[in-house]
Structures are given as structure tokens and as C-alpha cells.
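Enquirer: Provided herewith is a single structure, encoded as C-alpha cells, for subsequent inquiry.
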Amino acid sequence: MNVPFLDLKRQYASIKQDIDDAIREVIESQTFILGKQAESFENNFARFNNAKYCIGTSSGTSALQLSLEALGLSGSEIITVPNTFIATSASITAIGATIKFVDVDPRTYLMDLNALEKAITPKTRAIMPVHLYGKMADMESLEKIARDHGLLLIEDAAQAHGATYLGYKPGHYGKVACFSFFPAKNLGAYGDAGACITNDETIAEKLFMLRDQGRKKGEKYKHEIEAYNQRMDSIQAAVLDVKLKHLGEWVKKRREHARYYAENLPGWVKTPETESIKRDAFHLYVIKTRERDALQAHLKKDGIQTSVHYPIPLHMQPAYSYLNIPEGTFPVTEQNSREILSLPIFAEMTEDELKYVCDSVKRFKP
Ligand SMILES: *Cc1c(COP(=O)(O)O)cnc(C)c1O
53 MNVPFLDLKR QYASIKQDID DAIREVIESQ TFILGKQAES FENNFARFNN
103 AKYCIGTSSG TSALQLSLEA LGLSGSEIIT VPNTFIATSA SITAIGATIK
153 FVDVDPRTYL MDLNALEKAI TPKTRAIMPV HLYGKMADME SLEKIARDHG
203 LLLIEDAAQA HGATYLGYKP GHYGKVACFS FFPAKNLGAY GDAGACITND
253 ETIAEKLFML RDQGRKKGEK YKHEIEAYNQ RMDSIQAAVL DVKLKHLGEW
303 VKKRREHARY YAENLPGWVK TPETESIKRD AFHLYVIKTR ERDALQAHLK
353 KDGIQTSVHY PIPLHMQPAY SYLNIPEGTF PVTEQNSREI LSLPIFAEMT
403 EDELKYVCDS VKRFKP
């Protein structure tokens, strides 16, 4: 048997007619940027997250950059984590702010709140937690820390569509939450797309202008500010609007698969905590073992595709050599980069496939 890490063809097959119709409608209308498809998706995605505003963008990266700029954070110091995709930190540099990394908690792999409090300086103006793997950070504590120190909170929710924390979706505690619709994400477009979620009308208006050449919604020739072209394409919005109807059910499936893994993987594999299975969106199912490389090779021989998120911590990337952060500075992130392994997980996975993966892990002799 071959088990792919992710099989988007199965997802397409299950919604083909609706997707094809939605794309054809855009082509027949011959309007390709924003338009009624983006408006509809923005309304629906705002509602899905119980938020007031959704601003569709050209990618998750642009959602992050525009949010930091809308909040006026240029020139400030922003705290985030080194175990994330580089877009999180690169968006900080892109708007002329400074990155400050803090390590993660060994239990959740999310921002370590003690390390965070120690890292805050008078120059710090914002905290950017990442809801990595689809697990939301401890937003109540983060909001308290942010409030105590007068800091802004921006959520990188690029992997957390459908995740909740105390019943709240991303964007409730943070000033803005940023999503990516990169095709492999829990909610994926057929190309690049992203979105910002906020409850703040002023920030929403700023974001609408920043993504669209400084124009207010509905304006054509009047530009309030100099800005960017980082709008959402109509075809992407149409695809996302079709898929959004299934997102709840797809996330539920991911949780069922996560439970299967938790119950059927052997004891020597460290699996994600099960207490929050009903809240996490399981964009990735990440296990941990000292024998990571050997286990990955063993699974590959059995036809099982796995991946590592992420093998090189950001502070050890060539791109960040200028920060001069020595190895050993963020021990949890560094150990994880050597020991974590992402197993296949997607809504359409079958129980046979899940069993095959678990049996293969059981056959592995560490
Ligand atoms: C995917 C991702 C991004 C970037 O999103 P793009 O749509 O690829 O620009 C940012 N942060 C995290 C944590 C991601 O996983």
C-alpha cells in the first residue's frame, strides 16, 4: 500500500461539480480580481470565525505583512517563535520591524509564556504567536500578558482554520488573525490566497486600502494612501467559498484520524496531547522520537510519505545569520527539529490507511 502525505485529488473528486461550476462562473463573468466571489467568501469566512471583518489577500504572507503594517508596527520589536514557517518572521522584517525570537513550550510546541515575559523590552510593541499544526496558543494568557505590557497581539493562524480555544476561533483575542489558503492548508485555494480577520473597523478599513492600492472599498480613482496590490483573485475566492461549506466536516475527520493515531501508535512514540483533540484542527499530526530519521526511512520503505515541520529552526537558517543567534539558544525548538515527524493526515484518509501507518510504526525496531 502507498499512503500519501496529503491527497488533494480525493478532495477535488468529492466536490468536483461545485468547484467546476464556480470556476466556470468566474470565467464567464470575465472579472478576475476580488468581485462578488471575494465579497461572498469574506462574509462567509468572517461568519465562520465569528468575526466582524474578513479581508481577502493574495497570500498568507501578504495577510501577515499587511496586518503588521496596518497596526503601525514599523520600527518596533515583535516577538515570535523560531519553530514556524519563515513567512511569520519575514513579514516582521518586511515592514521594517525587528524580530525577537522566544523558544516554545516542550509540551505544546507553542510559544513559551515564561520565555515571552522575559523577552519583553521597552522596544517591544507586539506579540505574534503561531497556532502551529492547527493548535491554538494559550490566547487567554497571551492576552493578559499583552494587556499588562501594552502590547498588540497578532495571530498567525495560517495552519489553524477551524481550530478553537475556549470556544473561540482565531481573531477573538488577537487584534488581527492571519490565514493562508496555500493549497495544502486545511482550507486551500487553487493557487495562492490568504485573509485577515479582525473585529476592529478602523484596522479593517486600513487593510482594505493596503491590499488595493490605497483605495477604500468601492473607490476606483481615489487613493487615500500609497499601498500595494495584494488582492484575492476571484477564482480563488470562488474555490474557497465552495470548500468552506465542508471545512467543519473536514476538520472533524482530521480530529477522528488524530484520535485513531493517538490510540493505535505504540507507546514509545510521543504523540500530541489528547485533551484538546476536540479543539485542535490537526493541519499536521506531529509525533516525536529520537529515532526520527530511521523511522522516516522505515515508513518510506513501506510506501508511507511523511514530512518534517520544520527541519531547520529559523534562527539557524542562512537567512538569519545576521541575527547571530548561536546554536543552543532555543533548545526545545532545536531538539524538535531533530525529533519531530509529521504523519499523513487529511480528511479523506481511510481507516485502512491509518491502520497501515500504525502497523508500520509498530513493526519499526528502534
Ligand atoms: C503557510 C504559512 C504561512 C504563509 O502562507 P502563504 O499563503 O504560503 O504565504 C505563514 N505562516 C505559517 C505558520 C504557515 O504555515
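If you count by our numbering, then the sequence shown holds residues 53 to 418, one letter each, in order.
Cβ atoms here follow ideal geometry from the backbone N, Cα and C, with glycine treated the same way.
Just so it is clear, the structure is predicted and the values come from calculations on it, not from any experiment.
Leaving out the 5 sequence neighbours to the left and right, which residues in its chain are closer than 6 Å to residue 94 when beta-carbon positions are compared?
Expert: Excluding positions up to five away in sequence, the list reads 106 and 108.
Enquirer: According to DSSP, which residues form a beta bridge with residue 150?
Expert: Residue 150 is bridged to 129.
Enquirer: Does at least one heavy atom of ligand 1 sit under 7 Å from the Cβ of residue 31?
Expert: No statement about residue 31 is possible, as the shown extent of the chain runs from 53 to 418 and does not include it.
Enquirer: Looking at ligand 1, does it come within less than 7 Å of residue 112, judged from the CB to the closest heavy atom?
Expert: Yes.
Enquirer: Output the distance between the C-alpha atoms of residue 326 and residue 310, rounded to the nearest integer angstrom.
Expert: Their Cα atoms are separated by approximately 9 Å.
Enquirer: With a CB to CB cut of under 7 Å and the five nearest residues on each side skipped, what residues in its chain are close to residue 322?
Expert: Around residue 322: 339, 340 and 341.
Enquirer: Can we count residue 153 as close to ligand 1, meaning its CB is less than 7 Å from some heavy atom?
Expert: No, ligand 1 has no heavy atom inside 7 Å of this Cβ.
Enquirer: Pairing CB atoms from the segment 68–88 with CB atoms from the segment 285–293, are three or more of them under 8 Å?
Expert: With the cut-off at 8 Å, the segment 68–88 and the segment 285–293 touch.
Enquirer: Report the residue from 329, 362, 371 and 398 whose alpha carbon sits nearest the alpha carbon of residue 390.
Expert: Per the Cα distances, 362.
Enquirer: If we ignore side chains and look at the alpha-carbon of each, how far apart do residue 263 and residue 110 end up?
Expert: Rounded to whole angstroms, residue 263 to residue 110 spans 8 Å at the Cα level.
Enquirer: Can you look up residue 364 in the DSSP assignment and give me helix, strand or coil?
Expert: Note: residue 364 maps to coil in three-state DSSP.
Enquirer: If you run the structure through DSSP and keep just helix, strand and coil, what is residue 293?
Expert: Helix.
Enquirer: Only counting runs of 4 or more residues, tell me where the alpha helix (DSSP H) segments fall wholly within the segment 203–286, in order along the chain.
Expert: As far as the segment 203–286 is concerned, its whole alpha helix (DSSP H) runs of at least 4 residues are 253–263.
Enquirer: Span of the alpha helix (DSSP H) holding residue 88?
Expert: Residue 88 -> alpha helix (DSSP H) spans 87–100.
Enquirer: Counting Cβ pairs, one atom from each stretch, are 3 or more of them under 8 Å apart for the segment 60–69 and the segment 253–269?
Expert: Contact fails: fewer than three Cβ-Cβ distances are below 8 Å.
Enquirer: If you follow the beta strand (DSSP E) that residue 341 is in, where does it begin and where does it stop?
Expert: From DSSP, residue 341 is part of no beta strand (DSSP E); its letter is neither H nor E.
Enquirer: When the Cα atoms are used, what is the spatial distance from residue 177 to residue 70?
Expert: Residue 177 and residue 70: Cα-Cα distance of roughly 44 Å.
Enquirer: Relative to the C-alpha of residue 411, which residue among 199, 351 and 242 is closest?
Expert: Taking only the C-alpha atoms, the option nearest residue 411 is 351.
Enquirer: Between which two residues does the alpha helix (DSSP H) carrying residue 123 extend?
Expert: From DSSP, residue 123 is part of no alpha helix (DSSP H); its letter is neither H nor E.
Enquirer: What first and last residue would you give for the alpha helix (DSSP H) that runs through residue 408?
Expert: Element bounds for residue 408: 403–415.
Enquirer: Check the DSSP bridge columns for residue 156 and list the partner residues they point to.
Expert: Residue 156 pairs with 163.
Enquirer: Can you give me the C-alpha to C-alpha distance between residue 370 and residue 205, rounded to a whole angstrom?
Expert: Cα-Cα distance, rounded: 28 Å.
Enquirer: Taking residue 333 and residue 214 to be in contact with their CB atoms under 8 Å, please state how far apart those CB atoms are, rounded to whole angstroms.
Expert: Indeed they touch by this definition, with Cβ atoms about 4 Å apart.
Enquirer: Buried or exposed: where does residue 395 fall if 16 or more other Cβ atoms within 10 Å of its Cβ makes it buried?
Expert: So residue 395 counts as buried.
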